[in-house]
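Chemist: Chains as they are written, first to last, in the working numbering: chain B, 1 to 263; chain A, 1 to 300; chain Z, 1 to 410.
Just passing along the structure, written as structure tokens.
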Amino acid sequence: MAQPILHVTGLTMDFGGIRALNNIDLDVNEGEIVALIGPNGAGKTTFFNCVTGIYQPTKGEINVYNKHKGRQISLLGMKPNQVTQQGLARTFQNIRLFSQMTVLENVMIGRHCRTKSFIIGALLRDKRTLREEEEIIQKSHQILEKIGLTRYENEFAKNLPYGAQRRLEIARALATEPVLLLLDEPAAGMNPQETIELVSLIQEIAAEGQSILLIEHDMKLVMSLSERIFVMDYGKRIAEGTPEEIRHDPAVIKAYLGEEVDA
Amino acid sequence: MDYFIELLFSGLTRGSIYALIALGYTMVYGIIGLINFAHGEIYMIGAFTAFIVATILSILGFPALAIIVLAGLAAVVWSASYGYTIEKIAYKPLRHAPRLSPLISAIGMSMFLQNYVLLAQTSDFLPFPQLISDFNFMEPVAHIVGSTDLVILVTTTVVMICLTILIKYTKIGKAMRATSQDRMMAMLVGINVNRIISVTFIIGSSLAAIGGMLIASHIGQINFYIGFIAGIKAFTAAVLGGIGSIPGAVLGSVVLGLTESFATGYVSSDYEDVFAFSLLVLILIFKPSGILGKADTQKV
Amino acid sequence: MITFQELKRSFFISLWFVFLTFPIMVIRVDSIEKTVQWRWMNMLYVAVGAFILSLIFRYMMRRKEGQSADDDEETSTSDQHLIHRWLTVPRYRNIIYGVMLTLALVLPLVFSTYQTSIMTTALLYVVLGLGLNIVVGLAGLLDLGYVAFYAVGAYTYALLYHFFGMSFWIVLPLGGMLAAVFGILLGIPVLRLRGDYLAIVTLGFGEIIRLILENWGEFSQGPSGVSNIPRPSFFGIDMSLDTALIYIYYLMIAFVIFTIFIVNRLQNSRLGRAWVALREDEIACQAMGIDKMKTKLAAFSLGAFWAGIAGVIFAAKTTFISPRSFTFIESAIILSIVVLGGMGSIIGVIIGAMVLILLPEYLRFLSEYRMLAFGAILVCMMVFRPQGIIASVRRTYTYNKKETADGEGA
Ligand SMILES: Nc1ncnc2c1ncn2[C@@H]1O[C@H](COP(=O)(O)OP(=O)(O)OP(=O)(O)O)[C@@H](O)[C@H]1O
Ligand SMILES: [Mg+2]
């Protein structure tokens, strides 16, 4: 299949005077792990926000490949929930869990976009609704098992250790059955042990064919996981290529200016 | 034409009173992002304090000017104290609570203060003494513009100028602006944020007290409930102008005052408050950032 | 225990309050008679009161801070209180419900009609509280104009009877639906707003409705209100006043049970989870695929529906309504019930309504201080116990381990 699952062209985003994204072209193909890197304030999170419908970009095209329809669908003007429906799911750089809900419930919320029952269903509790509810619980539980959070299942999300909260964000996003999983600095604030576990978790997920677009500052993680790296600075693309190419790219080295790119 | 000018002036007078109250809303909102629901009550307490002090002084036979100054002073001192205390009790412990908690607390505070005054004083309308006597030089235009209107306009203008100077040029004013832009940053550069918040409440409350005294002598009666309506209207004005913006609050107040004055003058006075509330609902729906406010995209 | 430092601090706070309350508490003037009344005793009360309260305030503050420090253990073993354990275990919960129901059913047999009538009022507030609880407690939308929907329901019955002679049972669902329609019409533009703006707009809306009812005389009979509204009928049987009141009481009981049943189902559904998630974090919620507007609108209009139904019952119960029954104060009372009881908690709201409506009725000397107390309650609850008397308990889900394995095998 030659069609990229995410196809972004000319994406530009202005905040007042600041141009946070400048004419970004980025494709992600099926089954690929792509890393999006760049110094602080480069516009990486803004890219995610535009793609997932949280910000309306100033200019540009965002398309996602819809398997059922067999064609590209434009995400422009869609609300975040519609984008999720189309198969993009994300995690947040600053953890945004539903802190007063249990871990299982957090994941169950992720199932929301793949289920239907509403007021009538809630009141009647008919067969279909009950079946759906059962399915939500089972699937959520399976995902927690996969992510390794089963023992926290009935804890409030806010009471989880930090690393587990980051993993829960991933679990919640996976529950939406995404075509493309967008991870915003999943290893931020983790200790080396947690980071190692995270890497193997992401590899496991990827092994099942999950396409991933990943923002990360931890170069070791980026180099070991990604098949392709996209580097940006001041909202512009400065390089794109395999980890090997990026490692030796003079523009990248210059942008990081002494920051350790070696790994 | 006379009628038009009369309405114009009455609108401006109203507007300037709203402005005095609206500034308190806007300043507090600018600094801690809270709709200080109890602000209208501060204004009401200012009016009551002025009423009590003015009555005592007039029984004691003080001259009119002394009464005005002393009653005004007392209103400012006590309102400011109330503002300061309320912040410490009802808002400060909630600095890090979810956004709605301080708002609910503020609503509670507003109910508490209303009933506190109701129980300690009275539920009746009290006749407020005519503090401002008619000026002779106003005689020829008295049927269009009253002397009280003139005093209100002049006082408000002076107060606004003082406030602008305070905020633009003094150290505390600069600290206030810094805090409202970025509280975290202000804290890092060594500004005592708690003190700035207190000062904001004190200034806002003082302005409301002046407003309370002026309007009470303008309308001629007060009761414990005046703060509620005035508060909502002033809040409307603040939102209309763009909440958080000080010139916005003044502009919004004038626009609201004029709208009300002309609408009641030319359309119908039965629906006076409906106009204000409808305006509030409409602005919030169609332009929640107001005339001078900036639309903010929440950072994610 | 209490150190000298503490006492000294409280002493100064007490002095401050003496100064603060001096003009309002101590002086009372009559500007016409030109007399001044000095009430020095009040000063003493304030001084002592402020002294004691400041000690309590700081003690509670410290306790709260201590609590949040070891929050982890607190909440993971959230059944620290006996009440909580009762509420989490379904069997205990059913026992509580059973006892409450029995008490409620025998009440009219034991007490006078007057008492029963007061109880009916309290139950009406339970329904209103549960309805507002959907909006505020579950979905986190602060609706300060809830009473407007209550008014819509009440006036629907009053006017449909007045103009078309329609009966209670026909209007009951109509009143609810009309209120829900108002909720949707208001909600569509307004629910986009940030939480605090939403609060103010709904407040404005509530006042607009009241002012229209007051001023549009031909339609609503203005400030004098609508009287002679018939009580609900029972298969056309004529009832004496006493019987009618007891009949309404039992209707109310049935209605409360119905409401609890519905709210409980909503709460434990896909929609209910979406509400709570929306309350917790709107952006994350949308990013998880929840349609923000649709979900909020559902909460808002369901809340309105309940207020509308309660309004119809209110009109039928009192047989007279006027705009004065639908002031902001009323919204504030309902909000106090929800906040005191515990946002999102059904039992909490029931207890909140009982405490706030019955207590002032029975402690007559307190009724003057009712609104003062409501205000204080809102502040104190927010400062010391934002989760309310009975914090809502998140449900734990059971699933079939074997079935999971089967699912994977298939
Ligand atoms: N809502 C907003 N309003 C105004 N400016 C914004 C907004 N969101 C982002 N920006 C600006 O856009 C630029 C890019 O920010 P962004 O968060 O995308 O950076 P980033 O690459 O994710 O950085 P980091 O590695 O620190 O997360 C920054 O200058 C930031 O201040
Ligand atoms: Mg970022």
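Every residue gets a Cβ at the ideal spot worked out from N, C-alpha and C, and that includes glycine.
What you are looking at is a predicted structure, and each value in this text was computed from that prediction instead of being measured.
Starting from the N-terminal end, write out each residue whose C-beta falls within a distance shorter than 5 Å of any non-hydrogen atom of ligand 1.
Modeler: Spelled out in chain order, the answer is B/Phe-15, B/Ala-20, B/Asn-40, B/Gly-41, B/Ala-42, B/Gly-43, B/Lys-44, B/Thr-45, B/Thr-46, A/Thr-297 and A/Lys-299.
Chemist: If we cut at 8 Å on Cβ distances, does Z/Asp-72 have a partner in chain A?
Modeler: Residue confidence is low: Z/Asp-72 scores 43 on pLDDT, short of 50, so the model does not pin down where it sits. Its coordinate-derived value is still stated next. So, not an interface residue.
Chemist: Let's test the definition: count the other Cβ atoms within 10 Å of the Cβ of A/His-218 and tell me whether it reaches 16, buried, or not, exposed.
Modeler: Classification for A/His-218: buried.
Chemist: Please report the distance separating the alpha-carbon of Z/Ile-290 from that of Z/Glu-282.
Modeler: Each residue's alpha carbon lies about 9 Å from the other.
Chemist: DSSP beta-bridge partners for A/Asp-149?
Modeler: According to DSSP, which records beta bridges pairwise, A/Asp-149 is partnered with nothing at all.
Chemist: Z/Leu-123: which of Z/Leu-356, Z/Lys-8 and Z/Ala-50 sits nearest, CA to CA?
Modeler: Measuring from the Cα of Z/Leu-123, the nearest candidate turns out to be Z/Leu-356.
Chemist: Assuming A/Val-53 contacts A/Phe-224 under a Cβ cut-off of 8 Å, what Cβ separation, rounded to an integer in Å, is found between them?
Modeler: With 8 Å as the limit, A/Val-53 and A/Phe-224 do not qualify as a contact, their Cβ atoms being about 17 Å apart.
Chemist: Compute the minimum distance between the beta carbon of B/Gln-93 and the heavy atoms of ligand 2, and state whether it is under 7 Å.
Modeler: Yes, Cβ of B/Gln-93 sits closer than 7 Å to a heavy atom of ligand 2.
Chemist: Going along chain A, which residues have a C-beta under 8 Å from B/Ile-54?
Modeler: Within 8 Å Cβ-Cβ: Val-300.
Chemist: Please say whether Z/Gly-375 and Z/Leu-132 have beta carbons closer to each other than 8 Å?
Modeler: Not in contact: Z/Leu-132 and Z/Gly-375 (Cβ atoms no closer than 8 Å).
Chemist: Does the beta carbon of B/Asp-218 fall short of 7 Å from some heavy atom of ligand 2?
Modeler: For ligand 2, not one heavy atom lies less than 7 Å from the Cβ of B/Asp-218.
Chemist: Do you know offhand how far Z/Phe-182's Cα is from Z/Phe-149's?
Modeler: Z/Phe-182 and Z/Phe-149: Cα-Cα distance of roughly 7 Å.
Chemist: Whole-angstrom Cβ separation of A/Ala-80 and A/Ser-206, contact assumed at under 8 Å?
Modeler: That belief holds up - the Cβ atoms of A/Ala-80 and A/Ser-206 are roughly 5 Å apart, short of 8 Å.
Chemist: Below 9 Å on C-beta distance, what does Z/Ile-351 contact in chain A?
Modeler: Going along chain A, no residue has its Cβ under 9 Å from Z/Ile-351, so there is no contact; the nearest lies around 18 Å.
Chemist: Would you list the one or two residues that DSSP bridges to B/Asp-233?
Modeler: B/Lys-236, per the DSSP bridge assignment.
Chemist: Quick one: using the 10 Å Cβ neighbour count with 16 as the cut-off for buried, is B/Glu-133 buried or exposed?
Modeler: The residue in question, B/Glu-133, is buried, as its Cβ has 16 or more Cβ neighbours within 10 Å.
Chemist: Output the residue ranges of the beta strand (DSSP E) runs that lie fully inside the segment 171-248 of chain B and measure 3 residues or longer, sorted by chain position.
Modeler: Complete beta strand (DSSP E) runs here, min 3: 180-184, 211-215, 228-233 and 236-241.
Chemist: So, for Z/Val-349: in the same chain, excluding its five sequence neighbours on each side, which residues have a beta-carbon less than 8 Å away from its beta-carbon?
Modeler: Answer for Z/Val-349: Val-126, Gly-129, Leu-130, Asn-133, Gly-137, Ile-337, Val-338, Gly-341 and Gly-342, listed in chain order.
Chemist: Does any CB atom of chain A fall closer than 8 Å to the CB of Z/Thr-75?
Modeler: Reliability of the predicted coordinates at Z/Thr-75 is poor, the pLDDT of 44 falling under 50, and the value obtained from them is presented with this limitation in mind. So, not an interface residue.
Chemist: What three-state label does DSSP hand A/Leu-8 in the structure shown?
Modeler: Helix, per DSSP.
Chemist: Counting C-beta neighbours from all protein chains within 10 Å, is the total for A/Ile-161 16 or more, i.e. buried, or is it exposed?
Modeler: Label assigned to A/Ile-161: exposed.
Chemist: Say the cut is 7 Å; is the CB of B/Asp-184 nearer than that to a heavy atom of ligand 2?
Modeler: Because some heavy atom of ligand 2 lies under 7 Å away, the Cβ of B/Asp-184 counts as near it: yes.
Chemist: When you compare only the Cα positions, how much space is there between A/Ala-90 and A/Gly-83?
Modeler: Answer to the nearest angstrom: the Cα atoms are 11 Å apart.
Chemist: Answer with buried or exposed for A/Tyr-3, where buried requires no fewer than 16 other C-beta atoms within 10 angstroms of its C-beta.
Modeler: By the neighbour-count rule (16 or more Cβ atoms within 10 Å), A/Tyr-3 is not buried but exposed.
Chemist: Could you check how far apart the C-beta atoms of A/Ala-263 and A/Ile-42 are, in whole angstroms? I think they sit under 8 Å.
Modeler: 28 Å between Cβ atoms; not a contact.
Chemist: Buried or exposed: A/Gly-257, going by 16 or more other Cβ atoms within 10 Å of its Cβ?
Modeler: When all chains shown are included, A/Gly-257 counts as buried.
Chemist: How about B/Gly-10 and B/Gly-60: are their beta carbons less than 8 Å apart?
Modeler: Against a cut-off of 8 Å, the Cβ pair of B/Gly-60 and B/Gly-10 comes out as a contact.
Chemist: Could you tell me whether any Cβ in chain Z is nearer than 8 Å to the Cβ of A/Thr-200?
Modeler: No, A/Thr-200 lies away from the interface with chain Z (no Cβ there is under 8 Å from its Cβ).
Chemist: Tell me where the alpha helix (DSSP H) around A/Gly-231 begins and ends.
Modeler: Counting along the chain, the alpha helix (DSSP H) containing A/Gly-231 begins and ends at 226-241.
Chemist: Can you list, in chain order, the residues of its chain whose CB lies under 7 Å from that of Z/Phe-17, leaving out five sequence neighbours each side?
Modeler: Closer than 7 Å at Cβ, skipping near neighbours: Val-46 and Ala-50.
Chemist: Verify the CB distance criterion: does A/Pro-309 have a CB-CB separation below 8 Å to chain Z?
Modeler: Within the shown structure, residues of chain A are numbered from 1 to 300, placing residue 309 of chain A beyond reach of any answer.
Chemist: Would you mind working out which of B/Gly-31, B/Thr-129 and B/Glu-153 sits nearest B/Leu-289, comparing C-alpha positions?
Modeler: Since the first residue of chain B shown is 1 and the last is 263, residue 289 of chain B is not available in this structure.
Chemist: Is the shortest distance between the beta-carbon of A/Gln-121 and the beta-carbons of chain Z less than 8 Å?
Modeler: Yes, contact with chain Z.
Chemist: Would you say Z/Phe-21 faces chain B, with C-beta separation under 8 Å as the test?
Modeler: The sequence given here places Thr at residue 21 of chain Z; Phe does not occur at that position. No, Z/Thr-21 does not count as interfacial toward chain B.
Chemist: Once you ignore the five residues that flank B/Glu-185 on each side, which residues in its own chain have a CB closer than 8 Å to its CB?
Modeler: So the qualifying residues of the chain are Gln-93, Ile-215, Glu-216 and His-217.
Chemist: When you compare each of B/Asn-40, B/Leu-198 and B/Gln-193 to B/Leu-168 by their alpha carbons, which one comes out closest?
Modeler: When only C-alpha atoms are compared, the closest one is B/Leu-198.
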